[in-house]
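A.B. asks: Before anything else, here's the structure in question.
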Amino acid sequence: MVLLINPPFNIAKASYDTSVAVGLLNIASYLDSCGVPVEIIDGARQSNYLERLNSQVRDCKFAALAVMTMQVGQALRVSQMIKEINPACKIIWGGPHPTFFPEQTIKNDLIDIVCVGEGEETILEIVSDKDLRDIDGIVYKEREQIIANKSRALHDPAKMPLFNWELVPREILERLQLIPSLTSRGCPHRC
């Protein structure tokens, strides 16, 4: 199983608590459509996320975290917890922060692979145990040397499945006030 994790934010919960982590739902839906067992754990929206993480990570081979800069501290805590529970679990960081700072991100010993840019095909190749040298769009370490593979071409949006709402934890669906729709790729904010 692949865990897709949204770490908690360091901002008021009311500003994001009524929606879903669209990027994770998109990746989860893609992996699920390819037959990969996946589960979303949303530390920003689930009150019991630490308990769920503790129980799910024990048998998990990969944990992928979507990380914005304001989540780095919490993402490091979550990564530390994962490594303490299951040292063999490979930790993948993706999202805006690791995409903009891939070399800085991979220097942390808790992080095994950085996904740069769009993550659907990249994560699929990683969890399918493809040789890391042959996966575009990642940065990783090999014997303490940082390896940055070539960039990945943009994913064809026509190949994306619709959101699989069954992958969203019930606790989040019950509070959902906004139904997100992806009309373009990338971040809409001007940080």
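Note that the sequence shown covers residues 1 to 191 in the working numbering.
Yeah, the Cβ is synthetic: ideal placement off N, Cα and C, and Gly gets one too.
If you're wondering where the values come from, they're calculated on a predicted model, not measured in any experiment.
#1: Does DSSP put lysine 90 in a helix, a strand or coil?
#2: Could you pull the start and end residues of the alpha helix (DSSP H) that lysine 141 belongs to?
#3: Whole angstroms are fine: how far does the CA of isoleucine 179 sit from the CA of glutamate 51?
#4: Exposed or buried, isoleucine 147, counting other C-beta atoms within 10 Å across all chains shown (16 or more means buried)?
#5: Taking only the alpha-carbon atoms, compute the straight-line gap between tryptophan 93 and glutamate 142 and give it to the nearest angstrom.
#6: Count the C-beta pairs between the stretch 28-39 and the stretch 163-178 that are closer than 8 angstroms, then say yes if the count reaches three, no if not.
#7: Could one say the Cβ of lysine 159 lies closer than 9 angstroms to chain B's Cβ atoms, at least one of them?
#8: Short check: CB of alanine 66 to CB of isoleucine 126, under 9 angstroms?
#9: So, for glutamine 46: in the same chain, excluding its five sequence neighbours on each side, which residues have a beta-carbon less than 8 angstroms away from its beta-carbon?
#10: Mind listing, in chain order, the continuous beta strand (DSSP E) runs of no fewer than 3 residues lying wholly within the stretch 35-120?
#11: Could you give the first and the last residue of the continuous beta strand (DSSP E) run that contains leucine 4?
#12: For alanine 158, report the span of its beta strand (DSSP E) as first-last.
#13: So, helix, strand or coil for alanine 28, using DSSP?
#14: Is the distance from the Cβ of lysine 83 to the Cβ of phenylalanine 62 below 9 angstroms?
#15: Quick one, are the C-beta atoms of glycine 35 and glycine 119 less than 9 angstroms apart?
#16: If we count the other Cβ atoms within 10 Å of its Cβ and call it buried at 16 or more, is serine 151 buried or exposed?
#17: For alanine 148, which beta-bridge partners are listed by DSSP?
C.D. replies: Taking the geometry as given:
#1: On the sequence shown, position 90 is the one that residue 90 refers to. Under the three-state reduction of DSSP, lysine 90 is assigned to strand.
#2: By one-based count along the sequence shown, residue 141 stands at place 141. Premise fails: lysine 141 lies in the beta strand (DSSP E), 138-142, not in any alpha helix (DSSP H).
#3: By 1-based counting over the sequence shown, the position of residue 51 is 51. By 1-based counting over the sequence shown, the position of residue 179 is 179. Each residue's alpha carbon lies about 27 angstroms from the other.
#4: If you number the sequence shown from 1, residue 147 lands on position 147. Isoleucine 147 comes out exposed.
#5: As a first step, residue 93 must be located in the sequence shown, where it is residue number 93. As a first step, residue 142 must be located in the sequence shown, where it is residue number 142. Going by the C-alpha atoms only, they are around 17 angstroms apart.
#6: Note that the stretch 28-39 touches the stretch 163-178; at least 3 beta-carbon pairs, one per stretch, sit closer than 8 angstroms.
#7: The structure shown contains no chain B; it holds only a single protein chain.
#8: For the purposes of this step, residue 66 is taken as residue 66 along the sequence shown, with counting starting at 1. For the purposes of this step, residue 126 is taken as residue 126 along the sequence shown, with counting starting at 1. Judged by their CB atoms, alanine 66 and isoleucine 126 are not nearer to each other than the 9 angstroms cut-off.
#9: Within the sequence shown, the letter at position 46 stands for residue 46. Correct list, in chain order: Arg52, Pro169, Glu171, Ile172.
#10: Listed in chain order, the complete beta strand (DSSP E) runs (minimum 3 residues) inside the stretch 35-120 are 38-42, 62-66, 90-94, 113-115.
#11: Here the question's residue 4 lines up with position 4 in the sequence shown. Per DSSP, the continuous beta strand (DSSP E) segment holding leucine 4 begins and ends at 2-6.
#12: Taking the first residue of the sequence shown as 1, we reach residue 158 at position 158. Run containing alanine 158: none; DSSP gives neither H nor E here.
#13: Start at 1 with the first residue of the sequence shown, and residue 28 comes out as number 28. Correct three-state label for alanine 28: helix.
#14: The residue given as residue 83 occupies position 83 in the sequence shown. The residue given as residue 62 occupies position 62 in the sequence shown. Taking 9 angstroms as the Cβ cut-off, lysine 83 and phenylalanine 62 do not qualify as a contacting pair.
#15: The residue given as residue 35 occupies position 35 in the sequence shown. The residue given as residue 119 occupies position 119 in the sequence shown. Going by C-beta atoms, glycine 35 is not nearer than 9 angstroms to glycine 119.
#16: To locate residue 151, count along the sequence shown from 1; it is residue 151. Exposed.
#17: As a working mapping, residue 148 is identified with position 148 in the sequence shown. Paired residue(s): Val139.
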